[in-house]
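Numbering-wise (my numbering), the sequence shown opens with residue -17 and increments by one.
Backbone N, C-alpha and C define an ideal beta-carbon position, used for all residues, glycine too.
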Amino acid sequence: MRALGREFLMNNNKMIAMMLTMSMLAAAFAGCLGGEEEDDTPDWSISMASDVSADFVESAWDPIIPNLNADDMCDAIISAMTKTDEREQAVDFTRAYYTSSQAVIGGSGAASISAVADLNASGTTIGVQSGTTSDLYAQANLGAATISAYDDFPSVIAALNNGDVHYAMGDAPVLALEGTLMVTFSDENFGMAVQGDSSGELLGALNMAIGAMVDSGEYDIIFAANFDDPNTLADDTDADTATAY
């Protein structure tokens, strides 16, 4: 198996630890190797393959899907990528492996808010990471505010700490490592992405691996070891949970 692409998120050790544990387990299943299966719908084996390994490479966020589809960098993306309608036009997603939400933290002296709509005001500056669902949500719903998009998440936090923006918007578990969450909103589901025109073998293997972890209770054990909040993983095996924006 070739590389699993991920964007490196500084200071996001809990999220990365969980995602790497899941992806390494997925890579350990024999089905990830593909092979000469005659059936159009392979009967994936649960048996472990000790000679299968996963390599992780880093990509900037904006070109991460083109890098996947170029077929010369990685076979899959595992990078806290929200399943969205737009992204599903370019890639195929696995079932959800994590359910998150958007959140907001404030800089020094920022006015308190009770809802994300409170940010939709002239004179309010919000920092987001370019190309993320935070960016998409802010552009679509907070037009009265000034939206400052940065290349990476550490730059968003640096801008907040330097007073360049009043608020930072992003994934709740990531922002919680940087400050007190003021509000949370818009539940989102993370999935691993593979090429949309692929044979489906890797997608089937990854779905099988995630399902095996959830069904066996191993997912709950990993979650409890890394997160304080209750496990709210959405079961989207029979439903489309892609975010519209």
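For residue i, collect the residues of the same chain with a Cβ closer than 6 Å to its Cβ; drop the 5 residues on either side in sequence, then sort them by chain order.
i, result
"residue 78", "171, 173, 216 and 218"
"residue 222", "none"
"residue 176", "58, 74, 184 and 185"
"residue 128", "107"
"residue 49", "41 and 55"
"residue 16", "A caution first: residue 16 carries a pLDDT of 31, below 50, which makes its placement in the model too unreliable to give a value."
Under a Cβ-count criterion, where at least 16 other Cβ atoms within 10 Å of its own Cβ denotes burial, should residue i be classed as buried or exposed?
i, result
"residue 232", "Outside the displayed range of the chain (-17 to 227) lies residue 232, so it cannot be described from this structure."
"residue 211", "exposed"
"residue 22", "Residue placement at residue 22 is flagged as unreliable, the pLDDT there being 48, under the threshold of 50; the coordinate-derived value follows with that caveat. That one is exposed."
"residue 207", "exposed"
"residue 126", "exposed"
"residue 225", "buried"
"residue 122", "exposed"
"residue 197", "exposed"
For residue i versus residue j, is the C-beta distance shorter than 7 Å?
i, j, result
"residue 95", "residue 165", "yes"
"residue 188", "residue 66", "no"
"residue 44", "residue 152", "no"
"residue 131", "residue 142", "no"
"residue 83", "residue 202", "no"
"residue 148", "residue 92", "yes"
Return the residue from the list the options that minimises the CA-CA distance to residue i.
i, options, result
"residue 160", "138, 103 and 52", "138"
"residue 124", "158, 105, 140 and 53", "105"
"residue 100", "141, 120, 110 and 193", "120"
"residue 39", "47, 55 and 51", "55"
"residue 144", "69, 167 and 89", "89"
"residue 69", "97, 178, 200 and 129", "178"
"residue 167", "49, 51, 52 and 116", "116"
Just to confirm my understanding: we take residue i, look at its own chain, exclude 5 residues before and 5 after, and list those with CB closer than 7 Å. What are they?
i, result
"residue 7", "Any reading at residue 7 must be qualified, since the residue scores a pLDDT of 45, below 50, and its modelled position is unreliable; the value itself is stated next. Around residue 7: 191 and 195."
"residue 157", "85, 87, 150 and 163"
"residue 98", "86, 165 and 167"
"residue 200", "none"
Spatial neighbours of residue i within its chain, please: C-beta separation below 8 Å, excluding the five flanking residues on both sides.
i, result
"residue 133", "42, 43, 44, 111 and 112"
"residue 81", "169, 170, 171, 172, 214, 215 and 216"
"residue 193", "77 and 219"
"residue 51", "72, 73, 177 and 178"
"residue 53", "177"
On the DSSP bridge assignment, give the partners of residue i in chain order.
i, result
"residue 170", "82"
"residue 75", "175"
"residue 111", "132"
"residue 62", "Note: residue 62 sits in no beta bridge, so no partner."
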